[in-house]
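Q: Take the sequence shown: its position 273, counted from the start at 1, is 273 in the UniProt record's numbering, and no numbers get skipped.
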Amino acid sequence: MIVVSNRLPFVLKRNKDGKLIRKASAGGLVTAVAPVVVNGNGLWVGWPGIHLEDPLESIPESDPNDITPTAGLKSNKVVSVRIDPKIFDSYYNGCCNEIFWPLFHSMPDRATFKGEHWRNYVIANKEFADCTITALKSVVKSDNTTASAGQNIPLIWVHDYHLMLAANWIRQSAEEEGIACKLGFFLHIPFPPWDIFRLFPWSDEILQGMLGCDMVGFHITDYCLNFVDCCQRNLGCRVDRKNLLVEHGGRTVRVRPLPIGIPFDRFVELAEKAPKVLSTTQKIILGVDRLDYTKGLVHRLRAFESLLEKHPEHKENVSLLQIAVPSRTDVKEYQDLKEEMDQLVGRINGRFTTPNWSPIRYIYGAVSQDELAAFYRDSAIGLVTPLRDGMNLVAKEFVACQINTPPGVLIVSPFAGAGETMHEALICNPYEITSAAEIIHRALTMPEDERILRMNYLRRREKLNDVNYWTRSFLAAMGSLVTQDDHDDIG
Ligand code: ADP
Ligand code: F6P
1 MIVVSNRLPF
11 VLKRNKDGKL
21 IRKASAGGLV
31 TAVAPVVVNG
41 NGLWVGWPGI
51 HLEDPLESIP
61 ESDPNDITPT
71 AGLKSNKVVS
81 VRIDPKIFDS
91 YYNGCCNEIF
101 WPLFHSMPDR
111 ATFKGEHWRN
121 YVIANKEFAD
131 CTITALKSVV
141 KSDNTTASAG
151 QNIPLIWVHD
161 YHLMLAANWI
171 RQSAEEEGIA
181 CKLGFFLHIP
191 FPPWDIFRLF
201 PWSDEILQGM
211 LGCDMVGFHI
221 TDYCLNFVDC
231 CQRNLGCRVD
241 RKNLLVEHGG
251 RTVRVRPLPI
261 GIPFDRFVEL
271 AEKAPKVLST
281 TQKIILGVDR
291 LDYTKGLVHR
301 LRAFESLLEK
311 HPEHKENVSL
321 LQIAVPSRTD
331 VKEYQDLKEE
341 MDQLVGRING
351 RFTTPNWSPI
361 RYIYGAVSQD
371 ELAAFYRDSA
381 IGLVTPLRDG
391 MNLVAKEFVA
401 CQINTPPGVL
411 IVSPFAGAGE
421 TMHEALICNP
431 YEITSAAEII
441 HRALTMPEDE
451 RILRMNYLRR
461 REKLNDVNYW
471 TRSFLAAMGS
481 LVTQDDHDDI
491 G
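(1) Take Lys16 and list the residues in its own chain whose beta-carbon comes closer than 6 Å to its own, dropping the five residues that flank it on each side.
(2) On the criterion of 16 or more Cβ atoms from any shown chain inside 10 Å, does Pro9 qualify as buried, or is it exposed?
(3) Go through the stretch 375-445 residue by residue and report every complete run of the alpha helix (DSSP H) that reaches 4 residues or more, in order.
(4) Taking a contact to mean a Cβ-Cβ separation below 7 Å, would you say Tyr364 touches Ala324 in this structure?
(5) Which term fits Glu309, buried or exposed, when burial requires 16 or more other beta carbons within 10 angstroms of its beta carbon?
(6) What whole-angstrom Cβ distance do Thr385 and Pro430 have, given they're in contact under 8 Å?
(7) Alpha carbon to alpha carbon, what distance is there between Ile156 and Ile179?
(8) Output the distance between the C-alpha atoms of Val367 and Lys77, rounded to the nearest integer angstrom.
(9) The beta strand (DSSP E) spanning Met164 covers which residue range?
(10) Applying the 10 Å Cβ sphere with the 16-neighbour rule, what's the burial state of Arg442?
(11) Could you compute how far the alpha carbon of Glu177 sits from the alpha carbon of Leu136?
(12) Expressed to the nearest angstrom, what Euclidean distance is found between the alpha-carbon atoms of Leu272 and Arg459?
(13) Identify the residues that DSSP records as bridge partners of Thr280: which are they?
(14) In whole angstroms, what separates the C-alpha of Thr146 from that of Lys182?
(15) So, for Tyr334: in the same chain, excluding its five sequence neighbours on each side, which residues have a beta-carbon less than 6 Å away from its beta-carbon?
(16) Determine the DSSP secondary structure at Met1, reduced to helix, strand or coil.
(17) Using the Cα positions of His117 and Ala124, report the straight-line distance between them to the nearest angstrom.
(18) Kindly identify the DSSP beta-bridge partner or partners of Pro257.
(19) Of the residues Pro407, Met422, Cys95, Pro406, which one's Cα is nearest the Cα of Ser413?
(20) Output needed for Tyr161: all residues of its chain with C-beta closer than 7 Å, excluding positions within five of it in sequence on either side, in chain order.
(21) Sort Ser62, Ile170, Ile59, Val139 by Cα distance to Asp130 and report the nearest one.
(22) Measuring CA to CA, which of Asp378, Met107, Gly46 is closest to Leu193?
(23) Return yes when at least one heavy atom of ligand 2 lies under 6 Å from the C-beta of Arg451, else no.
(24) Hey, would you say the C-beta of Arg300 is under 6 Å away from at least one heavy atom of ligand 1?
(25) Under 7 Å between the Cβ atoms of Val228 and Val255?
(26) Is any heavy atom of ligand 1 found at a distance shorter than 6 Å from the C-beta of Asn349?
(27) Expressed to the nearest angstrom, what Euclidean distance is found between the alpha-carbon atoms of Leu43 and Cys428?
(28) What is the rounded straight-line gap between the Cα of Asp265 and the Cα of Asn392?
(29) For His314 and Gly296, I'd like the C-alpha separation in whole angstroms.
(30) If you drop the 5 nearest sequence neighbours on each side, which residues of the same chain put their C-beta closer than 6 Å to that of Phe197?
(31) Please indicate yes or no: does the CB of Leu320 lie closer than 6 Å to some heavy atom of ligand 2?
(32) Excluding five sequence neighbours on each side, which residues of the same chain lie with their C-beta closer than 7 Å to the C-beta of Gly419?
(33) Pull up the CB-CB distance for Ile348 and Glu305, whole angstroms please, since I reckon it's below 8 Å.
(34) Just mark Arg241 as buried or exposed, buried being the case when its beta carbon has 16 or more other beta carbons within 10 Å.
(35) Could you check how far apart the C-beta atoms of Val246 and Leu211 are, in whole angstroms? I think they sit under 8 Å.
(36) Assign Ser62 to one of three DSSP states: helix, strand, or coil.
Below, the structure written as structure tokens:
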């Protein structure tokens, strides 16, 4: 398998001596896909998070103390894509983060459409496609049975909104080179309804790029239907809504809902081992997010403030622990959000703090996996209230780590993919601040037996539908999974 994504599962940094070192990247894509590539001995094509000027400088091996799934990825399995820094900035910050991110999260007012960013998106996608083709040729060369025998066909898995054009070029180049391969695409964010999608001036090109794949996957059926709808209305494709098929360029492309999961057992293990880090005197409401305006953090703080106003009995007994990992710090919307959060945390803490208690503990930074597991395990409430989110893995990690009896409560927004599938969570519309405060109150006062019942169901589902299940579903949707049933048929 060759995985292609904007970011490699680690970023490179220079230490004091100028030596390159790896640092794990945060985000849903990395958490989910790294174990797949490592365990499947695959290749990963992506950007290393730093502009390497010396073309001969190579990727270092991981630190021996690194326990993240990324650690097992050997440097000879990594293809680092090098793009001119100015082009990269316009492609990544300009097109991906300032246009696609807000648009696909149905927040078009936050998008800034600029032709220049689109042109650089095209150039960058071409670069990723070229690197992938080079990687593909090396795979085929090292396994010369591949194309000729028609077996063991390389599988290329392209990820996310950064690379929506690349697949079609990979297909064309592979065909020209006479190399057989299968192409799959997975979008880790929502796919918006047609009315929003068509605001993008080059929306046809995006669809044509994605339709270069054999199969296009999304988290939930709603996003699949939006995509199928756009293919029909923008490109005039013949579509089958029931079976989620799109005809394009003489081929039939499968569209599939593939809700992503987490490495459930690994989180349980982390939670079992992690030392206690939170005080037991107060109940903790936990938020863990990249600092991103789609995550609804401002609404969340206001809901917590409203809780303290309406239910003063929680003062000195409950704290909100919000961990926000810095993200896309070159983009103004993210800088503004950082400022707004700093001010809001200061104002709410200034209003309610007593000599013994601060209502909000705010950590602006990444935390280690161990610490994260301890926070998840020892919190009374997991508060996951994005305004819009493709899936949201934090909700799933929280329930995996809830190993204490009695457990805590998960609150989740209906506008996250997780809100569609985690039925036993308390569902909370983050836009309505006073109702959100009431839902937090309900969670804080929920009887033990109800908490146990809800958490048992949530945990059972996430254990079954974990990240391995997601990968198998992807492979099955690609027709690349040989199941026991297939063996039985052949036998
Ligand atoms: P997104 O893909 O938008 O970042 P997800 O909730 O799907 O959102 O995934 C976020 C991932 O990043 C999770 O695996 C979570 O554990 C990790 N993460 C988020 N915030 C932090 C943090 N402050 N420190 C460490 N890891 C974090
Ligand atoms: O899940 C959406 C996503 O954009 C992923 O592709 C990425 O891993 C994560 O969010 C973090 O974003 P970025 O790579 O821009 O820091």
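Glycine residues also receive a C-beta, built at the ideal position from the N, C-alpha and C atoms.
A: The structure says:
(1) none
(2) buried
(3) 393-401, 417-421, 433-444
(4) yes
(5) exposed
(6) 4 Å
(7) 12 Å
(8) 27 Å
(9) From DSSP, Met164 is part of no beta strand (DSSP E); its letter is neither H nor E.
(10) exposed
(11) 11 Å
(12) The sequence given here places Glu at residue 272; Leu does not occur at that position. Taking the straight line from one Cα to the other gives about 15 Å.
(13) Paired residue(s): none; Thr280 is not in a bridge.
(14) No answer about Thr146 holds up, because its pLDDT of 47 lies below 50 and its placement is not dependable.
(15) Arg328
(16) coil
(17) 10 Å
(18) Phe218
(19) Met422
(20) Cys96, Phe100, Phe104, Leu187, Ile189
(21) Ile170
(22) Here residue 193 turns out to be Pro, not Leu, going by the sequence shown. That would be Met107, whose Cα lies nearest to the Cα of Pro193.
(23) no
(24) no
(25) yes
(26) no
(27) 40 Å
(28) 18 Å
(29) 22 Å
(30) Ser203, Cys230
(31) no
(32) Val412, Ser413, Ile427
(33) 5 Å
(34) exposed
(35) 7 Å
(36) coil
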